[in-house]
Amino acid sequence: MKIPVSAIRLPTRPGREYESRFDREQSLLKMLAIPMASVILASMVTTLPVFSAGPLLPPFGLLMFLSWRLMRPGLLPIWSGVPFGLMDDLFSGQPFGSAGLLWSLAMLIVEIIDSRAVWRDYLQDWLIAALLITAVLLGGWWIAGIAHAAPEPIVLFPQIILSILLYPLVVRICARLDRWRLAT
Amino acid sequence: MAPPPHRRPGFSRRAQYGLFATYVVAIAGTVVAALLLTISVVDPTGFSRLRTLGTEVTAPVARVLSKARQSTQAVTHSISAYINAASKNETLEKELKASRNALIEVQALRVENDRLRSLLNLSDGDMQQVAVGRLISSTASSTRRVATLSIGRNFGVERAQPVRGPAGLIGRVIETGPTTARVLLVTDSENLVPVMRASDGLPAFSAGLGNGLVLIKPLNLGESPFKVGDIIITSGNGGLYGANIPFARVIRQTSDGALGLPFADPANTPYAIVMKPYLEEARAEQQMLAPDGKTKEVAE
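Note that the protein sequences, when read in sequence, are chains C and H.
Residues 1 to 184 in the numbering used here are what the first sequence lists, from first letter to last.
Residues 185 to 484 in the numbering used here are what the second sequence lists, from first letter to last.
Here's what the structure looks like:
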């Protein structure tokens with residue numbers, strides 16, 4: 001059937017940029033799903049075809065998790081280290097439960113720091129993240145050593161340095177995601 | 185950013201209890217995670233189903249990307265082949281002439297070897313191949329050296345099967361899923377491989393160091409007999425890994441052994457061959473006699 005040209009009507013809704021900017025609501029789905037999805041997807045980075053001789057790939061899930069926590073306190077609940085950590089364990093190759101435990105402990109430590117040092121600047125957050133990344137990676141090595149034969153801890157050194165240096169980049173990614181998350 | 189003042193929820197009982205509950209949940213969750221960890225340390229295969237599920241879900245993406253990775257590698261390779269093509273061609277032709285002669289000699293030796301073996305009634309383990317796949321990802325952020333294989337039970341891959349590439353031994357299968365399998369690489373600290381020196385059959389053991397190298401320790405105590413450049417091959421002892429698979433090259437001598445660089449680089453191997461365990465029946469018989477079910481042959 002042929003549609004006459006006169007019957008074709010433009011969509012009644014104007015483009016979003018011409019809509020009223022008053023009284024727009026943030027999408028609840030976006031507000032909740034973006035932090036969760038970004039941490040889980042960052043955990044899944046290890047399943048990409050990246051091959052390294054030693055442990056070199058930074059734990060992107062942990063970096064994303066810490067930067068959400070430090071950038072937006074109160075967004076992730078205190079217990080969220082357990083589910084996110086267990087999710088990370090599925091992909092990291094560590095014994096199941098290792099990240100669940102370590103991330104949760106990291107979360108509790110940040111909570112304690114939050115109650116002591118309320119106003120912090122970015123460098124202090126970076127320092128906190130650096131210490132926590134080092135602790136979690138060494139803890140992961142120790143746990144892997146209980147379950148299986150483990151290599152010398154020196155093999156972790158490059159990974160720790162790389163992860164600490166990559167933290168600012170991940171915070172920036174987080175900030176961009178946060179802007180998108182809260183956009184109306 | 186300062187944390188929101190949720191710590192002092194005011195006079196609202198409901199908010200106070202709610203805050204208290206989150207702390208209780210957080211502590212309880214940590215304890216549960218610790219329990220799960222204890223279970224997985226005691227029984228490493230316990231959560232393999234979950235892990236397999238995770239691998240299966242993400243495998244399609246990894247498959248596509250690994251294909252893309254390989255084709256870009258092929259492109260760069262074919263471009264670099266044009267550089268100095270004439271001189272390369274000349275040297276290759278010379279090498280070809282030399283190796284053709286060597287090949288004929290090897291053929292003759294093989295015939296003679298077969299004849300002598302049949303005189304002695306020696307039975308040899310057969311290295312039947314089960315399936316051919318590709319390595320699609322690895323645990324690049326963990327101290328464990330485990331890679332994911334693109335094929336699983338659908339191609340008959342089972343636990344405790346050796347995996348080799350065209351260049352040398354890669355590792356052995358430790359977990360299988362419907363369409364993926366996990367391979368414990370030879371560079372993992374837990375992977376012990378019986379090996380020998382190619383030149384004189386000096387028996388030794390190899391253990392991974394977790395940084396891409398393997399530590400090779402001779403069975404005889406004493407000063408290290410290895411020299412830089414020695415070629416190490418598998419010896420076939422133990423009946424799991426087949427004999428005479430290229431394994432590693434010695435790159436440094438240590439006080440009681442040597443450091444070796446495995447020939448098969450998981451990042452660079454075009455395909456991975458899953459094989460039947462060498463001397464499978466003898467191995468099964470030995471397991472029947474002295475069941476190491478208690479000492480478990482490395483679950484994960």
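Think of the CB as a built atom: it goes at the ideal place given N, C-alpha and C, for glycine as much as any other residue.
Contacting residues, own chain, Cβ-Cβ under 6 Å from residue i (five flanking each side not counted)
{"i": "threonine 158(H)", "result": "The requested residue 158(H) does not occur in the structure, where chain H is confined to residues 185 to 484."}
{"i": "serine 390(H)", "result": "Val377, Val379, Val398 and Ile400"}
{"i": "valine 82(C)", "result": "Gly100 and Ser104"}
{"i": "glutamate 484(H)", "result": "Confidence at glutamate 484(H) is low in this model, with a pLDDT of 44, below 50, so its placement is unreliable and the value that follows should be read with caution. If we look at glutamate 484(H) and ignore the five residues flanking it on each side, its Cβ neighbours are Pro228 and Ile358."}
{"i": "leucine 108(C)", "result": "none"}
{"i": "threonine 479(H)", "result": "With a pLDDT of only 47 at threonine 479(H), under the threshold of 50, the placement of this residue in the model should not be trusted; the figure read from the coordinates follows. Correct list: empty, nothing qualifies."}
{"i": "phenylalanine 486(H)", "result": "Summary: the structure shown does not reach residue 486(H), with chain H confined to residues 185 through 484, and so no result is reported for it."}
Beta-bridge partners of residue i, as assigned by DSSP
{"i": "glutamate 25(C)", "result": "Per DSSP, none; premise fails for glutamate 25(C)."}
{"i": "glycine 317(H)", "result": "Ala456(H)"}
{"i": "glycine 139(C)", "result": "Bridge partners of glycine 139(C): none, in fact."}
{"i": "arginine 433(H)", "result": "Ile415(H) and Leu445(H)"}
{"i": "arginine 381(H)", "result": "Ile416(H)"}
{"i": "valine 347(H)", "result": "Gly355(H) and Val458(H)"}
{"i": "serine 322(H)", "result": "Ala331(H)"}
{"i": "leucine 376(H)", "result": "Ala391(H)"}
{"i": "alanine 53(C)", "result": "Paired residue(s): none; alanine 53(C) is not in a bridge."}
{"i": "alanine 427(H)", "result": "Ser419(H)"}
Assigned exposure category for residue i - 16 Cβ within 10 Å defines buried
{"i": "serine 345(H)", "result": "The residue you asked about is not serine; residue 345(H) is glutamine in the sequence shown. Glutamine 345(H) comes out buried."}
{"i": "arginine 318(H)", "result": "buried"}
{"i": "alanine 468(H)", "result": "exposed"}
{"i": "aspartate 298(H)", "result": "exposed"}
{"i": "tyrosine 425(H)", "result": "buried"}
{"i": "serine 148(H)", "result": "The requested residue 148(H) does not occur in the structure, where chain H is confined to residues 185 to 484."}
{"i": "asparagine 273(H)", "result": "exposed"}
{"i": "proline 378(H)", "result": "buried"}
{"i": "isoleucine 400(H)", "result": "buried"}
{"i": "glutamate 296(H)", "result": "exposed"}
{"i": "aspartate 286(H)", "result": "It is worth fixing the name first, because residue 286(H) is alanine in this sequence and not aspartate. Alanine 286(H) should be labelled exposed."}
{"i": "aspartate 121(C)", "result": "exposed"}
{"i": "glycine 444(H)", "result": "buried"}
{"i": "isoleucine 161(C)", "result": "exposed"}
{"i": "isoleucine 267(H)", "result": "exposed"}
{"i": "glycine 413(H)", "result": "exposed"}
{"i": "histidine 261(H)", "result": "exposed"}
{"i": "glutamate 481(H)", "result": "For glutamate 481(H), the predicted model reports a pLDDT of 49, less than 50, meaning its position is unreliable and no value from the coordinates is stated."}
Sequence-distant residues of the same chain with beta carbon closer than 7 Å to residue i, five excluded per side
{"i": "isoleucine 113(C)", "result": "Ile128"}
{"i": "glutamate 240(H)", "result": "Gly361, Pro362, Thr363 and Thr364"}
{"i": "arginine 168(H)", "result": "Because chain H is modelled from 185 through 484, residue 168(H) falls outside the range shown and cannot be assessed."}
{"i": "proline 450(H)", "result": "Leu319, Ser322, Ala331, Ile354 and Leu369"}
{"i": "proline 55(C)", "result": "Val155, Leu156 and Gln159"}
{"i": "aspartate 87(C)", "result": "According to the sequence as given, residue 87(C) is methionine; it is not aspartate. If we look at methionine 87(C) and ignore the five residues flanking it on each side, its Cβ neighbours are Ile40 and Ser43."}
{"i": "alanine 199(H)", "result": "Pro193"}
{"i": "isoleucine 164(C)", "result": "Ala130 and Ile133"}
{"i": "proline 73(C)", "result": "Asp114"}
Terminal residues of the beta strand (DSSP E) in which residue i lies
{"i": "valine 367(H)", "result": "365-369"}
{"i": "alanine 391(H)", "result": "387-392"}
{"i": "lysine 401(H)", "result": "398-402"}
{"i": "isoleucine 358(H)", "result": "353-360"}
{"i": "alanine 175(C)", "result": "No beta strand (DSSP E) contains alanine 175(C), which is instead part of the alpha helix (DSSP H) from 157-182."}
{"i": "arginine 331(H)", "result": "The amino acid at residue 331(H) is misidentified as arginine; the sequence shows alanine. Taken as a continuous stretch (DSSP letters only), the beta strand (DSSP E) holding alanine 331(H) covers 330-333."}
Chain-order list of residues whose beta-carbon lies under 8 Å from that of residue i (same chain, five-residue window excluded)
{"i": "alanine 144(C)", "result": "Gln94, Pro95, Ser98 and Ala150"}
{"i": "serine 408(H)", "result": "Pro402, Gln437, Thr438, Ser439, Asp440, Gly441 and Ala442"}
{"i": "leucine 405(H)", "result": "Asp440"}
{"i": "tyrosine 167(C)", "result": "Leu63, Leu66, Ser67, Trp126, Ala129, Ala130 and Ile133"}
{"i": "proline 153(C)", "result": "Leu138 and Trp141"}
{"i": "aspartate 372(H)", "result": "Arg328, Arg329, Val330, Gly355, Gly392 and Gly394"}
{"i": "leucine 182(C)", "result": "Gln26 and Met31"}
{"i": "leucine 57(C)", "result": "Val45, Thr46, Val50 and Gln159"}
The alpha helix (DSSP H) enclosing residue i, as first and last residue numbers
{"i": "valine 209(H)", "result": "197-226"}
{"i": "valine 295(H)", "result": "269-304"}
{"i": "tryptophan 103(C)", "result": "98-116"}
{"i": "isoleucine 263(H)", "result": "232-265"}
{"i": "arginine 72(C)", "result": "Note, arginine 72(C): premise wrong, no alpha helix (DSSP H); not H, not E."}
{"i": "valine 82(C)", "result": "81-92"}
{"i": "arginine 337(H)", "result": "Segment: none, arginine 337(H) is in no alpha helix (DSSP H) and carries neither H nor E."}
Note down, in chain order, all residues in the segment 216-240 of chain H with a beta-carbon under 8 Å from any beta-carbon belonging to chain C.
Val216, Ala217, Ala218, Leu219, Leu220, Leu221, Thr222, Ile223, Ser224, Val225, Pro228, Gly230, Phe231, Leu234, Arg235, Leu237, Gly238 and Thr239
Which of the residues in the segment 30-49 of chain C, read from start to end, lie with their CB under 7 Å from any CB of chain H?
Met44, Thr46, Thr47, Leu48 and Pro49
Using Cβ-Cβ distances below 8 Å, what residues of the segment 242-271 of chain H are close to chain C?
Thr242, Ala243, Val245, Ala246, Leu249, Ser250 and Arg253
Using Cβ-Cβ distances below 9 Å, what residues of the segment 330-345 of chain H are close to chain C?
Val330, Ala331 and Thr332
Interface positions of the segment 84-108 of chain C facing chain H (Cβ-Cβ less than 9 Å), listed along the chain:
Gly85, Leu86, Met87, Asp89, Leu90, Phe91, Ser92, Gly93, Gln94, Pro95, Phe96, Gly97, Ser98, Ala99, Gly100, Leu101, Leu102, Trp103, Ser104, Leu105, Met107 and Leu108
Listed in chain order, which residues of the segment 394-421 of chain H have Cβ atoms closer than 9 Å to some Cβ of chain C?
Gly394, Asn395, Gly396 and Leu397
Residues within the segment 157-171 of chain C neighbouring chain H, beta-carbon criterion of under 8 Å
Gln159
Near-chain H residues of the segment 52-65 of chain C - C-beta to any C-beta below 7 Å:
Ser52, Ala53, Gly54, Pro55, Leu56, Leu57, Pro58 and Pro59
Against chain H: residues of the segment 66-82 of chain C by CB proximity under 8 Å:
Met71, Arg72, Pro73, Gly74, Pro77, Ile78, Trp79, Gly81 and Val82
Residues within the segment 420-440 of chain H neighbouring chain C, beta-carbon criterion of under 7 Å
none
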